[in-house]
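Note sheet for the following structure.
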Amino acid sequence: MEMKKPIIKSIPYEEFKDNETLEALIKEINKERTNVVVGALDDLINWGRSNSLWSLTFATSCCGIEFMSVGAARYDFARFGFEVTRNSPRQADLIMVAGTITHKMAPVLKRLYDQMAEPKYVIAVGGCAISGGPFKGSYHVLNGVDKIIPVDVYIPGCPPRPEAILYGMMQLQRKVKIEKFFGGVNHKQKKEEQTDNYPLVITNVPQEITDKTEKEQ
Amino acid sequence: MNTTFIPLNEFRSQMETLRRDKGMDFLRDMIGMDWGEDGLGVIYLLENSATKENISVATRTTDRVAPAIPTVSDLWKIANIYEREVFDFFGIIFNGHPNLRRLFLRNDWVGYPLRKDYDESEAVNPVRMYSENNQNDCTYTLAEDGTIKQIPDTLFDNNEYVINIGPQHPATHGVLRFRLSLEGEFINKVDIHCGYIHRGIEKISEKYPYPQILALTDRLDYLSAHQNRHALCMCIEKAMGLEVTERTQYIRTIMDELQRIDSHLLFISCAAMDLGALTTFIYGFRDREKLLDIMEEVTGGRLIQNYNVIGGVQADITPGFAEKVKTFCKDILNKLNEYNDVFTNNIITRKRMLGIGVLSTEDVISYGCTGGTGRASGWSCDVRKRHPYALYDKVDFKEIIYNNGDCYDRFLVRIDEIKESVRIIEQLIDSIPEGEYKVKTKPIIRIPEGSYHAAVEGSRGEFGVFIESKGDKSPYRIKFRPMGLPLIASMETMLKGNKIADLMAIGATLDYVIPDIDR
Ligand code: SF4
Chain Z
1 MEMKKPIIKS IPYEEFKDNE TLEALIKEIN KERTNVVVGA LDDLINWGRS
51 NSLWSLTFAT SCCGIEFMSV GAARYDFARF GFEVTRNSPR QADLIMVAGT
101 ITHKMAPVLK RLYDQMAEPK YVIAVGGCAI SGGPFKGSYH VLNGVDKIIP
151 VDVYIPGCPP RPEAILYGMM QLQRKVKIEK FFGGVNHKQK KEEQTDNYPL
201 VITNVPQEIT DKTEKEQ
Chain H
1 MNTTFIPLNE FRSQMETLRR DKGMDFLRDM IGMDWGEDGL GVIYLLENSA
51 TKENISVATR TTDRVAPAIP TVSDLWKIAN IYEREVFDFF GIIFNGHPNL
101 RRLFLRNDWV GYPLRKDYDE SEAVNPVRMY SENNQNDCTY TLAEDGTIKQ
151 IPDTLFDNNE YVINIGPQHP ATHGVLRFRL SLEGEFINKV DIHCGYIHRG
201 IEKISEKYPY PQILALTDRL DYLSAHQNRH ALCMCIEKAM GLEVTERTQY
251 IRTIMDELQR IDSHLLFISC AAMDLGALTT FIYGFRDREK LLDIMEEVTG
301 GRLIQNYNVI GGVQADITPG FAEKVKTFCK DILNKLNEYN DVFTNNIITR
351 KRMLGIGVLS TEDVISYGCT GGTGRASGWS CDVRKRHPYA LYDKVDFKEI
401 IYNNGDCYDR FLVRIDEIKE SVRIIEQLID SIPEGEYKVK TKPIIRIPEG
451 SYHAAVEGSR GEFGVFIESK GDKSPYRIKF RPMGLPLIAS METMLKGNKI
501 ADLMAIGATL DYVIPDIDR
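Chains as they are written, first to last, in the working numbering: chain Z, 1 to 217; chain H, 1 to 519.
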């Protein structure tokens, strides 16, 4: 069965920018075909997953306030199924990196990402998370979270407007819609995304253990 | 600004005289300085809280390898944290400080970033992806051979029960981290970690020309964006001897007050959310959106607005502005009653806030907790009254003072301040004079040699700007007085003996913004 275009009800397909990336993904997935039953199950699961994306409340600075606005009365992201925000990474599907990530915060962010259960997604909100933004020249700011974790959607702006955040989240929904859940290409942490390219966080190993492992080697 | 230099050997005794005999009980700010050839030192801005008299004194040492200055942390409580900050940025040792260690940067950070000879290259300080080892609590002192030495110092005993809150925790309003030692449910000892959002704004500013620095102030405390920028513009204008027009003053004052309402609305919403009242959160944001609409129409931005510029404001107000503001003002007063009904007078709110987290008047002055927190403890600390700027000496408004100093009073102060802000706006909105909204300035802005200071009342306290200029187009040193640092410093006093659940109420009503603390 072929993977179909990611369609979101009520917004025409053409109104989305960047359909090419998604279509390329679809092509990649369609290379290995699956049978109708599995494909139909995939569709069902993806429908459910894309409409109940739970995000981790992870806001470090200004962009976080706009994220809160998106959650509140006027913009109300509950309309799209994002209303549950989780405070524990174990229960979250996606991490919205809203705000500047500094050197001191970088290992914490990486650790939160590692703690999340698969499949997991990352949205970089605002100039700071994308490239360091206004603080690019600083000695203590990480120039882009994609240096330490893989990013699915970038939402530019300083801060992005709530509409932009919603648009970005819908782009992520569309991305989720075209994934295969049973085998095939899923958003599992791919080989190239793993330790070799992104450093692993090892925290507070007591001295005795380090000594012991060194001896064993 | 005239600064008196005190030689190092007399420094300690003179500071004691100032504190004890001259009544300089409010340490407004402590500014670490690197004067290059002349050595490293610190400028202290002091104020007498009764007479509002201000002085600034400084001291310095020429030793760059192991600079040392006597501590004043026993005279002003806030000096404890400020001295750690100066140590962090300049590597100055404060002799006699109880526990001198870095405040913002990691323990394994190499070098002192605000020194002029700091090496910024990636190779020296790469992004370290391993967590800091907190078992290594330490103190820095001078060794006998005159070098800086790190000695281990355990803050918490092995048999203490220590829990960690943050940096990723919904109730810390951003990335702040506490370590608490508990005795059952009661808090015994607190250690606060900052620096998770330290962006090095003061260092970047030394590279940027003045108009570019303006953009960074909005992002310090994004809920007092206008006021922060107002302070910096005022400081630069003062230094250049630039007079802004009457119209500008009106617009700036009105925008400052709108921003204050915006911030207080967000405060009410978030304080309520922290205590579990989600309805108030939704209400607060609903009304805040109306205000944001007005701001957006004038400035073009919702949160970060980049409105004040040197010599005026970015763009003139829009035609319907006055009408819209008046409608909003009328509306918000009714809405306040609504909040009071659902939240303020609620029995749960009262139980969780009344008598919790009490700060005495002496404590708030010694810690320098300005803004709503100071005023809830009976300290009249409003910069708008103490050192009036813009139009604040022309309008009639009351400084809201409560005396219990608990969470509930801190909450009420903000509610009442919204009403006062509305009063100020209503006095000004109909009489905005015609004229230019911006005076012409030279394309390249240089300010004459010297040091300058300006302060405004931000949404959560006194926001000060200190500039030292050598006559260039960027400052030699710029220092922002964080509004939040004194607030979190005072938490230790408040938390001791309270239950761990009170941490949420206390944190919520202190109303700090972390990027402003860490800068
Ligand atoms: S992108 Fe802009 S608004 Fe967002 S966190 Fe960075 S500075 Fe703040």
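No residue lacks a Cβ here, since even glycine has one placed at the ideal position from N, Cα and C.
These numbers were taken from a predicted model, which means no experiment stands behind them.
Practice problem: With a 10 Å radius around its C-beta and 16 neighbouring C-beta atoms as the bar for buried, classify residue 231/H as buried or exposed. | Solution: buried
Quiz item: Taking Cβ-Cβ distances shorter than 8 Å, what residues in chain H pair up with residue 74/Z?
Solution: 285, 286 and 289
Exercise. Say yes only if the C-beta of residue 69/Z is nearer than 7 Å to one or more non-hydrogen atoms of the ligand SF4, and no if none qualify.
Key: no
Quiz item: Between residue 383/H and residue 250/H, what straight-line distance do the alpha-carbon atoms span, to the nearest angstrom?
Solution: 18 Å
Practice problem: Kindly indicate if chain H contains any beta-carbon less than 8 Å away from that of residue 97/Z. | Solution: It does not: the Cβ of residue 97/Z has no partner Cβ on chain H nearer than 8 Å.
Self-check item: Same chain only: Cβ atoms within 7 Å of residue 386/H, ignoring 5 sequence neighbours per side
Solution: Cβ within range, chain order: 52.
Practice problem: Buried or exposed for residue 47/Z, please, with buried defined as at least 16 other CB atoms from any protein chain shown within 10 angstroms of its CB. | Solution: Under this definition residue 47/Z is an exposed residue.
Practice problem: Please list, in chain order, all residues of the same chain as residue 326/H whose beta carbon is under 7 Å from its beta carbon, the five residues on each side excluded. | Solution: 429
Practice problem: Please decide whether residue 149/Z counts as near chain A, where near means a Cβ-Cβ distance under 8 Å. | Solution: Reference to chain A is not applicable here, since the protein chains of this structure are Z and H.
Exercise. Measure the C-alpha to C-alpha separation of residue 184/Z and residue 91/Z and round it to an integer number of angstroms.
Key: Residue confidence is low: residue 184/Z scores 49 on pLDDT, short of 50, so the model does not pin down where it sits. No coordinate-derived value is stated.
Quiz item: Leaving out the 5 sequence neighbours to the left and right, which residues in its chain are closer than 6 Å to residue 489/H when beta-carbon positions are compared?
Solution: For residue 489/H, same chain residues with a beta-carbon under 6 Å away, outside a window of 5 residues either side, are 78, 81 and 367 in chain order.
Self-check item: Residue from 76/Z, 135/Z, 123/Z and 94/Z with nearest C-alpha to residue 115/Z
Solution: 94/Z
Quiz item: Quick one: is residue 83/Z near chain H, going by C-beta distance under 8 Å?
Solution: no
Quiz item: At what residues does the beta strand (DSSP E) containing residue 34/H begin and finish?
Solution: 26-34
Quiz prompt | Complete runs of the beta strand (DSSP E) confined to the segment 151-182 of chain H [at least 3 residues] | solution = 161-165
Quiz item: Is the beta carbon of residue 167/H within less than 7 Å of some heavy atom of the ligand SF4?
Solution: no
Quiz item: Can you tell which of 62/Z, 154/Z and 111/Z has the C-alpha that lies nearest to the C-alpha of residue 89/Z?
Solution: 111/Z
Quiz item: Are any of the Cβ atoms in chain Z nearer than 8 Å to that of residue 156/H?
Solution: no
Quiz prompt | When 44/H, 4/H, 261/H and 306/H are compared against residue 458/H, the one with the closest alpha-carbon | solution = 261/H
Quiz item: For the ligand SF4, is there a heavy atom less than 7 Å away from the beta-carbon of residue 209/H?
Solution: no
Practice problem: Determine, using beta carbons only, whether residue 198/H comes closer than 8 Å to chain Z. | Solution: yes
Self-check item: Inter-residue Cα distance where the pair is residue 233/H and residue 167/H
Solution: 33 Å
Quiz prompt | Contact set between residue 107/Z and chain H, taken where Cβ atoms lie within less than 9 Å | solution = Simply 127, 128, 129, 130, 131 and 132.
Quiz prompt | Every unbroken alpha helix (DSSP H) within the segment 193-279 of chain H, with a cutoff of 4 residues, ordered by chain | solution = 201-205, 210-218, 225-240 and 246-274
Exercise. Look at residue 400/H and residue 417/H and say whether their C-beta atoms are less than 8 Å apart.
Key: yes
Practice problem: Could you check which residue in 503/H, 495/H and 481/H has the C-alpha nearest to that of residue 518/H? | Solution: 481/H
Quiz item: To the nearest angstrom, how far is it from the Cα of residue 97/Z to the Cα of residue 166/Z?
Solution: 14 Å
Practice problem: Just jot down, in chain order, the residues whose CB lies closer than 6 Å to any heavy atom of the ligand SF4. | Solution: 61/Z, 62/Z, 63/Z, 99/Z, 100/Z, 126/Z, 127/Z, 128/Z, 133/Z, 134/Z, 158/Z, 159/Z, 219/H and 304/H
Practice problem: Ignore the nearest five residues each way along the sequence and tell me which others in residue 419/H's own chain have a CB closer than 8 Å to its CB. | Solution: 333 and 336
Quiz prompt | Ordered list of alpha helix (DSSP H) runs contained in the segment 377-462 of chain H, each at least 4 residues | solution = You should have 383-386 and 407-428.
Self-check item: Endpoints, the alpha helix (DSSP H) within which residue 353/H is located
Solution: 347-353
Quiz prompt | Amino acids of chain H, ordered along the chain, whose beta-carbon sits closer than 8 Å to that of residue 58/Z | solution = 168
Quiz prompt | Residues that DSSP places opposite residue 190/H in a beta bridge | solution = 180/H
Quiz item: Using the beta-carbon count (16 or more within 10 Å), is residue 236/H buried or exposed?
Solution: buried
Quiz item: Does residue 112/Z get closer than 8 Å to chain H when you measure Cβ to Cβ?
Solution: yes
Quiz prompt | 7 Å Cβ cut-off: residues of chain H touching residue 166/Z | solution = Residues of chain H passing the Cβ test: none, with the nearest at roughly 14 Å.
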